[in-house]
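Q: Residue numbers (my numbering), protein chains in the order written: chain F, 4 to 392; chain R, -13 to 56.
Every residue gets a Cβ at the ideal spot worked out from N, C-alpha and C, and that includes glycine.
Please read all numbers here as calculations on a predicted model, not as lab measurements.
First the structure, which I've put down as structure tokens, then a few questions once you've had a look.
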Ligand SMILES: Cc1cc2nc3c(=O)[nH]c(=O)nc-3n(C[C@H](O)[C@H](O)[C@H](O)COP(=O)(O)O)c2cc1C
Ligand code: SF4
Ligand code: SF4
């Protein structure tokens, strides 16, 4: 993968001016986050200020966790950040910990990059404990992160109580994506007006995008929210083939037609049922079959259920099998109805949002590739090089 | 204050009593798991059977929460 830094200062530029301190008033970070309008970069886009404030308001001393698990196969931005600019992540982690008065601070990352980060973290105060994330899709889900930090398997838990109220061993817990933490570090250095100078008034700032598929230079790029899809693809060298669709937001995201003018922001993507999520963009060439690709991803998602909740464990494989039948051009006109029935059956019925993310993805597949669905049901495929599943 | 039934899906093993005690609220899906008919808000009239279901679930997978807390 290649990386570029757009403008300076950026998330992936190799500046290191030493740790930032807001020493006289660590809680000022909350005000900065609020004024900047910073939102989480881990997928859900929740306002960071509100999480910081909720955790800081707890009675017990909180725990702060930097989440760098990045279980999403099409995403590489957290790894890029943790290897190119680890100081920003550690700065942000320490700033957040000081702001909420945390007692324990953790950094949760894939095993292969843990040693280097452990070495770097050793030079910091307060102490940052580096914990290894297993290589599964759901290992970065916040309650799975908490289970792992507690020494158990990285499996999601029932969320009768919010993590910000009761997380690691019952303490108020802040789980923040590592990119969100890096933004906090830059925000502490350069301030909210600098932060707001990019992006849109409603969705300020930049995000790290991971571009893959039919682009000339796949990799991680920093771009402002609202960037037109075509410009974002051009950052990655432009399309390497005619594009028919793009998957935005990753495997829990949504397909949309490859229209260059679509703004990559929550507002711009809403009409497609999509959102920037964690910044994943996969470009699908016109030569590929969208249904085959969707069935492949649905199969992956089904295999990644954590095996805990009945409707997810039973429903996701059924959903994937039905999509595979569609992709294979089984001439059974009941298949789209069966997909819709299964989507309704699994939605909202799990301890984590894995079923809901899968529902979003499959629903967008059926909508974006509706003409292909009709062709397949008649036994044909529109893709040039269509191969069987 | 209205109540809401919370299902801990990691604990529920299906085929249980809840769908029998609360047929107005819960259907059974094809795998034997409770399927909310219309959300999980508990109508006042079903408050008692809901409490019973919570108490009798062999997996302690059910809880009653006040609507605001959920
Ligand atoms: C199945 C699943 C997997 C997730 N994986 C990750 C992940 O790998 N990294 C991450 O930061 N957030 C992940 N999340 C989101 C986290 O639950 C959580 O919202 C996030 O870490 C909060 O950080 P943020 O507010 O800074 O975005 C995942 C969520 C789900 C439902
Ligand atoms: S909803 Fe699925 S992925 Fe999430 S905890 Fe339950 S079984 Fe695991
Ligand atoms: S009684 Fe409990 S374990 Fe049985 S189906 Fe209902 S919730 Fe699940």
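Could you confirm whether any beta carbon from chain R is found closer than 8 Å to the beta carbon of residue 12 (chain F)?
A: Here residue 12 (chain F) refers to the residue found at position 9 of the first chain. So no, residue 12 (chain F) is outside the interface.
Q: When you compare each of F:275, F:35, F:267, F:122 to residue 259 (chain F) by their alpha carbons, which one comes out closest?
A: Within the first chain, the letter at position 256 stands for residue 259 (chain F). Checked all of F:275, F:35, F:267, F:122; the closest Cα to residue 259 (chain F) is F:275.
Q: Quick one: any contact between the stretch 57 to 64 of chain F and the stretch 208 to 221 of chain F, if contact means 3 or more CB pairs under 8 Å?
A: Result no; under three Cβ-Cβ pairs closer than 8 Å.
Q: The alpha helix (DSSP H) that contains residue 107 (chain F), what's its start and end?
A: Looking up residue 107 (chain F) in the first chain gives position 104. Looking at the DSSP string, residue 107 (chain F) is not in any alpha helix (DSSP H); the run it does join, the beta strand (DSSP E), is 107 to 113.
Q: By the 10 Å Cβ neighbour count, where 16 or more other Cβ atoms means buried, how is residue 15 (chain F) classified, buried or exposed?
A: Here residue 15 (chain F) refers to the residue found at position 12 of the first chain. Buried, because 16 or more other Cβ atoms sit within 10 Å of the Cβ of residue 15 (chain F).
Q: Return yes when at least one heavy atom of ligand 2 lies under 7 Å from the C-beta of residue 316 (chain F), else no.
A: In the first chain, the residue the question calls residue 316 (chain F) occupies position 313. Yes - ligand 2 has a heavy atom lying nearer than 7 Å to the Cβ of residue 316 (chain F).
Q: So if DSSP puts residue 135 (chain F) in a beta bridge, which residue, or which two residues, is it bridged to?
A: As a position in the first chain, residue 135 (chain F) is number 132, starting the count at 1. Partner(s): F:112.
Q: Span of the alpha helix (DSSP H) holding residue 224 (chain F)?
A: As a first step, residue 224 (chain F) is located in the first chain; it is residue number 221 there, counting from the start. Unbroken run through residue 224 (chain F) is the beta strand (DSSP E), 222 to 227; no alpha helix (DSSP H).
Q: Are residue 181 (chain F) and residue 69 (chain F) close, meaning C-beta to C-beta below 8 Å?
A: Position 178 of the first chain, counted from the start, is the residue given in the question as residue 181 (chain F). Position 66 of the first chain, counted from the start, is the residue given in the question as residue 69 (chain F). Yes, these two residues count as a Cβ contact at 8 Å.
Q: Is the Cβ of residue 353 (chain F) closer than 8 Å to any Cβ of chain R?
A: Numbered from its first residue, the first chain carries residue 353 (chain F) at position 350. Yes, its Cβ sits closer than 8 Å to a Cβ of chain R.
Q: Per DSSP, what kind of secondary structure is residue 96 (chain F) in: helix, strand or coil?
A: Within the first chain, residue 96 (chain F) is the residue found at index 93, counting from 1. Note: residue 96 (chain F) maps to helix in three-state DSSP.
Q: Please compile the residues from chain R whose C-beta is within a distance smaller than 7 Å of the C-beta of residue 348 (chain F).
A: Taking the first residue of the first chain as position 1, residue 348 (chain F) is located at position 345. The answer, in chain order, is 15.
Q: Contact defined as beta carbons within less than 8 Å: I believe residue 108 (chain F) pairs with residue 131 (chain F). What is the distance between those atoms, to the nearest angstrom?
A: Within the first chain, the letter at position 105 stands for residue 108 (chain F). Within the first chain, the letter at position 128 stands for residue 131 (chain F). Their Cβ separation, rounded to whole angstroms, is 5 Å, which keeps residue 108 (chain F) and residue 131 (chain F) in contact under 8 Å.
Q: Return the CA-CA distance between residue 42 (chain R) and residue 21 (chain R), expressed in angstroms with no decimal places.
A: Walking along the second chain from the start, residue 42 (chain R) turns up at place 56. Walking along the second chain from the start, residue 21 (chain R) turns up at place 35. Those two C-alpha atoms are separated by around 18 Å.
Q: Taking 8 Å as the threshold (C-beta atoms), are residue 174 (chain F) and residue 371 (chain F) in contact?
A: Residue 371 (chain F) sits at position 368 when you count from the first residue of the first chain. Residue 174 (chain F) sits at position 171 when you count from the first residue of the first chain. Going by C-beta atoms, residue 371 (chain F) is not nearer than 8 Å to residue 174 (chain F).
Q: Just list the alpha helix (DSSP H) runs in the stretch -10 to 19 of chain R, keeping only unbroken ones of 4 residues or longer that don't cross its boundaries, in chain order.
A: Segments of the alpha helix (DSSP H) lying fully in the stretch -10 to 19 of chain R: 4 to 7.
Q: Kindly list, in the order they appear in chain F, the residues whose Cβ is closer than 7 Å to that of residue -4 (chain R).
A: In the second chain, counting from the first residue as 1, residue -4 (chain R) sits at position 10. Those within 7 Å of residue -4 (chain R) in chain F are 160, 161, 311, 312, 354.
Q: Can you tell me whether residue 282 (chain F) is helix, strand or coil according to DSSP?
A: Residue numbering aside, residue 282 (chain F) sits at position 279 when the first chain is read from its first letter. Coil at residue 282 (chain F), not helix or strand.
Q: Just to confirm, does residue -7 (chain R) get its C-beta within under 7 Å of one of the non-hydrogen atoms of ligand 3?
A: For the purposes of this step, residue -7 (chain R) is taken as residue 7 along the second chain, with counting starting at 1. For ligand 3, at least one heavy atom lies less than 7 Å from the Cβ of residue -7 (chain R).
Q: Can you tell which of R:23, R:-8, R:0 has the C-alpha that lies nearest to the C-alpha of residue 44 (chain R)?
A: Along the second chain, one-based indexing puts residue 44 (chain R) at 58. Ranking R:23, R:-8, R:0 by Cα distance to residue 44 (chain R) puts R:0 first.
Q: Looking at chain F, is there any beta carbon in it that lies within less than 8 Å of the beta carbon of residue 0 (chain R)?
A: Translated into the one-based positions of the second chain, residue 0 (chain R) becomes position 14. It does: the Cβ of residue 0 (chain R) has a partner Cβ on chain F nearer than 8 Å.
Q: I need the straight-line Cα distance from residue 333 (chain F) to residue 373 (chain F), nearest angstrom please.
A: What you label residue 333 (chain F) is simply residue 330 of the first chain in a count that begins at 1. What you label residue 373 (chain F) is simply residue 370 of the first chain in a count that begins at 1. Cα to Cα, residue 333 (chain F) sits roughly 16 Å from residue 373 (chain F).
Q: At 8 Å on the CB atoms, spell out the chain F contacts of residue 49 (chain R), in chain order.
A: To locate residue 49 (chain R), count along the second chain from 1; it is residue 63. Chain F residues near residue 49 (chain R): 163.
Q: Say yes only if the C-beta of residue 183 (chain F) is nearer than 7 Å to one or more non-hydrogen atoms of ligand 1, and no if none qualify.
A: Here residue 183 (chain F) corresponds to residue number 180 of the first chain, with the count starting at 1. Correct: residue 183 (chain F) has its Cβ closer than 7 Å to ligand 1.
Q: When DSSP labels each residue in this structure, what does residue 364 (chain F) get in the three-state scheme?
A: For this step, residue 364 (chain F) is matched to residue 361 along the first chain. Residue 364 (chain F) falls in the helix class under three-state DSSP.
Q: Let's see if you can read the secondary structure: which residues bound the beta strand (DSSP E) around residue 215 (chain F)?
A: Counted from its first residue, the first chain places residue 215 (chain F) at position 212. Looking at the DSSP string, the run of the beta strand (DSSP E) that includes residue 215 (chain F) is 209 to 216.
Q: For ligand 1, is there a heavy atom less than 7 Å away from the beta-carbon of residue 176 (chain F)?
A: To locate residue 176 (chain F), count along the first chain from 1; it is residue 173. No; taking the cut-off as 7 Å, the Cβ of residue 176 (chain F) has no heavy atom of ligand 1 nearer than that.
Q: Give me the chain R residues within the contact set of residue 317 (chain F), using Cβ-Cβ distance strictly less than 7 Å, ordered along the chain.
A: Here residue 317 (chain F) refers to the residue found at position 314 of the first chain. Those are 17, listed as they occur along chain R.
Q: Tell me whether residue 165 (chain F) sits in a helix, a strand or coil according to DSSP, three-state version.
A: Here residue 165 (chain F) is taken as the residue at index 162 of the first chain, counted from 1. Reduced to three states, the DSSP call for residue 165 (chain F) is coil.
Q: Can you check whether the CB of residue 183 (chain F) is closer than 8 Å to the CB of residue 51 (chain F)?
A: The residue given as residue 51 (chain F) occupies position 48 in the first chain. The residue given as residue 183 (chain F) occupies position 180 in the first chain. For residue 51 (chain F) and residue 183 (chain F), yes; Cβs fall inside 8 Å.
Q: What number of angstroms, rounded off, separates the C-alpha of residue 323 (chain F) from the C-alpha of residue 14 (chain R)?
A: In the first chain, the residue the question calls residue 323 (chain F) occupies position 320. In the second chain, the residue the question calls residue 14 (chain R) occupies position 28. Between residue 323 (chain F) and residue 14 (chain R), the C-alpha separation is close to 22 Å.
Q: Consult DSSP for residue 5 (chain F) and reduce its assignment to one of helix, strand or coil.
A: Your numbering for residue 5 (chain F) matches position 2 in the first chain. Unreliable positioning characterises residue 5 (chain F) in this predicted model, as indicated by a pLDDT of 46, which lies under 50. A coordinate reading is not provided.
Q: Quick check: the Cα distance between residue 32 (chain F) and residue 192 (chain F), rounded to an integer number of angstroms?
A: Position 29 of the first chain, counting from 1, holds the residue named residue 32 (chain F). Position 189 of the first chain, counting from 1, holds the residue named residue 192 (chain F). Distance between the alpha carbons of residue 32 (chain F) and residue 192 (chain F): 11 Å.
Q: Among F:245, F:262, F:298, F:189, whose alpha-carbon lies nearest the alpha-carbon of residue 328 (chain F)?
A: The residue given as residue 328 (chain F) occupies position 325 in the first chain. Minimum Cα distance to residue 328 (chain F) is reached at F:298.
Q: Whose CA, out of F:159, F:231, F:87, F:110, lies closest to the CA of residue 356 (chain F)?
A: The count along the first chain starts at 1 and reaches residue 356 (chain F) at position 353. Cα-wise, what sits closest to residue 356 (chain F) is F:159.
Q: Starting from the Cα of residue 321 (chain F), find the closest Cα among F:231, F:270, F:302, F:172 and give me that residue.
A: The residue given as residue 321 (chain F) occupies position 318 in the first chain. It is F:302 whose Cα lies nearest to the Cα of residue 321 (chain F).
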